[in-house]
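*Asks:*
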Amino acid sequence: MPTSIIFNKIGRFEVEAETTILEAAQQFGLFLPHECGGQAQCTSCRVAILAGENNCSAIQEPEQKLLHAGHFKPPIRLACQTKISGPVRAQILLRDEFDLQLALASETGQTPRLPGVQQPLALLSGAWHDFERVVLQASAHDTVQVLQRLYYLVQQLVKEHDGHLIEFSANRFTAVWGTSGNVRAAIMNAMNAARRLVTTCGELNDYLEHNFDMRLAFGFGVHADLAVMGELGTGEEHRLVVLGKAVDHTHELCRLTQKANAAILVSETIFAVIRGHLPISRAFQAQFSGESTACRVFEAAPENVPATASETA
C-alpha cells in the first residue's frame with residue numbers, strides 16, 4: 003500500500019508502506035549516507051523525524067544502542083532502521099560529503115562528539131573590567147603570568163563545582179552547568195562557584211596590589227534558560243559550545259555589574275531557585291537589549307556576607 007515521505011527542503015515522494023527511509027532516499031537518488039551499508043553499524047544515515055513519528059517503526063535495540071552512544075535524542079532516527087507505514091516528514095542531517103567527512107572524523111576518538119541539542123542550562127559570565135591596566139603597566143612576562151594565574155583559579159573553581167569552562171580571555175570568561183540535566187542543581191553549583199570566585203578574586207587583588215600596585219574591578223553574572231549546546235572538533239579534540247539568547251543575557255548581567263557596583267548579579271530565573279537558600283542584597287530593574295520591558299535583576303551576596311535587604315525583593 004503506497005504512502006508518502008517528505009524529505010525536508012527536497013520534496014514529497016510516494017513509496018510503499020514498510021519501506022525504510024534509507025530505501026526511499028535510494029529509490030529517488032537522494033544523498034543519504036550509509037557508511038555501514040545500512041546494517042545499523044554507524045550513525046551516518048541519521049535523520050530527524052519532523053512529522054509522522056507515529057508512522058515510524060519502533061526503535062529496536064541495535065538502533066537504540068547506536069543512538070545512545072552518539073548522544074542522539076528524539077526526533078533523531080537511523081534511516082536504515084526506520085520503516086514508515088504512513089506519511090512522514092524527515093530531515094537528512096548529513097547533507098553533503100563535507101558533512102559526512104566531519105561526522106566521521108568526530109567519531110574517530112574514544113568519546114563521540116556531542117551533537118547539537120537545546121536544553122536548560124545555567125551560565126556564569128565573569129569579567130575583569132580593567133585588565134587592560136595589567137597589559138599597559140606590567141611586562142609581557144608578568145601580564146601572561148597574571149593571566150595564567152586567573153585561568154588556573156577560574157578553571158579549578160568551575161571544575162570543583164561540576165561546571166565546564168567554555169570561554170576564557172583576558173577580559174571575560176564563560177562557564178556552563180547542567181549539560182547532563184537537573185537545572186536546579188546546576189543553578190546552585192553556578193551560584194556557589196560565583197560566590198567563591200568573589201573571594202578568590204579578592205585574594206588575587208591582594209597579590210596584584212602587593213606585586214604590581216594595582217587592583218582590578220571584577221563582576222559576575224548568572225542566568226539560566228534554554229540554550230543550544232554542542233561540541234566542535236574532531237577525534238579527541240572536542241570543544242563545548244553554548245549559543246543563544248541565554249548566553250547574551252548572561253554577558254549583559256556581567257557587564258552591568260560595573261555600572262551597578264556589584265560583584266554578582268543574577269536574573270529572575272536564578273532568584274526563583276536560590277531564594278531562601280542564598281542571601282540577596284538588593285533588587286532593581288534593568289533594560290537589556292532585545293527586551294521590550296525592563297527585567298528584574300538581583301544582587302547576590304558573596305561568601306560570608308549577610309543579606310542587607312529582604313529576600314522577597
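Note that my numbering has the sequence shown beginning at 3, numbered continuously upward.
Quick reminder that beta carbons are idealized off the backbone N, C-alpha and C, glycines included.
These numbers come from a predicted model, not from an experiment.
#1: Starting from L267 and walking both ways along the beta strand (DSSP E), at which residues does that stretch end?
#2: In angstroms with no decimal places, state the Cα-to-Cα distance between L228 and I189.
#3: Please state whether DSSP places T21 in a helix, a strand or coil.
#4: Pairing CB atoms from the segment 243-254 with CB atoms from the segment 213-221, are three or more of them under 8 Å?
#5: At 3 residues or longer, what runs of the beta strand (DSSP E) sit wholly inside the segment 164-199?
#6: Can you give me the C-alpha to C-alpha distance between G54 and S269, rounded to a whole angstrom?
#7: Taking the alpha carbon of G91 as the point to measure from, which residue in D101, I78, L102 has its own alpha carbon closest?
#8: If you drop the 5 nearest sequence neighbours on each side, which residues of the same chain put their C-beta closer than 8 Å to that of P89?
#9: Out of C203, L96, W179, which one is the CA nearest neighbour of P122?
#10: With DSSP run on the structure shown, which of helix, strand or coil describes G72?
#11: DSSP state of Q112, grouped into three classes?
#12: Please say whether A81 and E65 have beta carbons closer to each other than 7 Å?
#13: Whose CA, out of F100, N194, A129, S171, lies closest to the CA of K161?
#14: Pull up the distance between the alpha-carbon of R286 and that of R298, whole angstroms please.
#15: Going by CA-CA distance only, name the one from R277, G118, H212, R174 that's closest to V230.
#16: Counting only the same chain and skipping the five closest in sequence on each side, list residues whose C-beta sits under 6 Å from that of A19.
#17: Need the endpoints of the alpha helix (DSSP H) that D144 sits in, please.
#18: Which class does H43 belong to by DSSP, given the choice of helix, strand or coil?
#19: Over the uninterrupted beta strand (DSSP E) stretch that includes T259, give me the two end residues.
#20: In terms of DSSP beta bridges, what is C297 paired with?
#21: Determine the extent of the beta strand (DSSP E) in which E305 is found, giving its start and end residues.
#22: Assuming contact is defined by CB atoms lying nearer than 7 Å, are F360 and A172 in contact in what I supplied?
*Replies:* Quick answer:
#1: Indexing the sequence shown from 1 puts residue 267 at position 265. It spans 266-269 - the beta strand (DSSP E) in which L267 sits, taken as one unbroken run.
#2: Residue 228 sits at position 226 when you count from the first residue of the sequence shown. Residue 189 sits at position 187 when you count from the first residue of the sequence shown. Going by C-alpha positions, L228 is about 13 Å away from I189.
#3: To locate residue 21, count along the sequence shown from 1; it is residue 19. DSSP places T21 in strand when its eight states are reduced to three.
#4: Note that the segment 243-254 does not touch the segment 213-221; fewer than 3 beta-carbon pairs, one per stretch, sit closer than 8 Å.
#5: For the segment 164-199, the full-length beta strand (DSSP E) segments reaching 3 residues or more read 166-170, 174-179 along the chain.
#6: Locating residue 54 in the sequence shown gives position 52, where the first residue counts as 1. Locating residue 269 in the sequence shown gives position 267, where the first residue counts as 1. In this structure, the straight-line span from the alpha carbon of G54 to that of S269 is close to 39 Å.
#7: Your numbering for residue 91 matches position 89 in the sequence shown. Correcting the residue identity first, residue 91 is Arg in this sequence and not Gly. R91 has its Cα closest to that of I78, out of D101, I78, L102.
#8: Here residue 89 corresponds to residue number 87 of the sequence shown, with the count starting at 1. Hits under 8 Å: T5, S6, I7, I8, A53, G54, N57.
#9: As a working note, residue 122 is residue 120 in the sequence shown. Here the closest residue by C-alpha is W179.
#10: The residue labelled residue 72 in the question sits at position 70 within the sequence shown. Three-state DSSP puts G72 in coil, outside helix and strand.
#11: Your numbering for residue 112 matches position 110 in the sequence shown. Note that Q112 scores 45 on pLDDT, short of 50, meaning its location in the model is unreliable; the coordinates nonetheless yield the value given after this. Under the three-state reduction of DSSP, Q112 is assigned to coil, being neither helix nor strand.
#12: Taking the first residue of the sequence shown as 1, we reach residue 65 at position 63. Taking the first residue of the sequence shown as 1, we reach residue 81 at position 79. Using a Cβ distance threshold of 7 Å, E65 and A81 do not count as a contacting pair.
#13: If you number the sequence shown from 1, residue 161 lands on position 159. The candidate whose alpha carbon is nearest that of K161 is N194.
#14: Here residue 286 refers to the residue found at position 284 when the sequence shown is read from its first residue. Here residue 298 refers to the residue found at position 296 when the sequence shown is read from its first residue. With the sequence shown as reference, residue 286 is identified as Phe, and Arg is not the correct amino acid for it. One C-alpha to the other measures close to 6 Å.
#15: For the purposes of this step, residue 230 is taken as residue 228 along the sequence shown, with counting starting at 1. Nearest C-alpha to V230: G118.
#16: Residue numbering aside, residue 19 sits at position 17 when the sequence shown is read from its first letter. In chain order, M3, T5, S87 place their CB closer than 6 Å to the CB of A19, counting only its own chain and leaving out the 5 sequence neighbours on each side.
#17: For this step, residue 144 is matched to residue 142 along the sequence shown. 142-162 is the span of the alpha helix (DSSP H), which, as asked, contains D144.
#18: For the purposes of this step, residue 43 is taken as the residue at position 41 of the sequence shown. Note on residue identity: the sequence assigns Gln, not His, to residue 43. Coil at Q43, not helix or strand.
#19: Translated into positions along the sequence shown, residue 259 becomes position 257. That residue, T259, is in no beta strand (DSSP E); its alpha helix (DSSP H) goes 247-262.
#20: Along the sequence shown, one-based indexing puts residue 297 at 295. A288.
#21: As a position in the sequence shown, residue 305 is number 303, starting the count at 1. Counted as a single uninterrupted DSSP element, the stretch harbouring E305 is not any beta strand (DSSP E), since DSSP gives it neither H nor E.
#22: What is shown of the chain runs 3 to 315, which leaves residue 360 out entirely.
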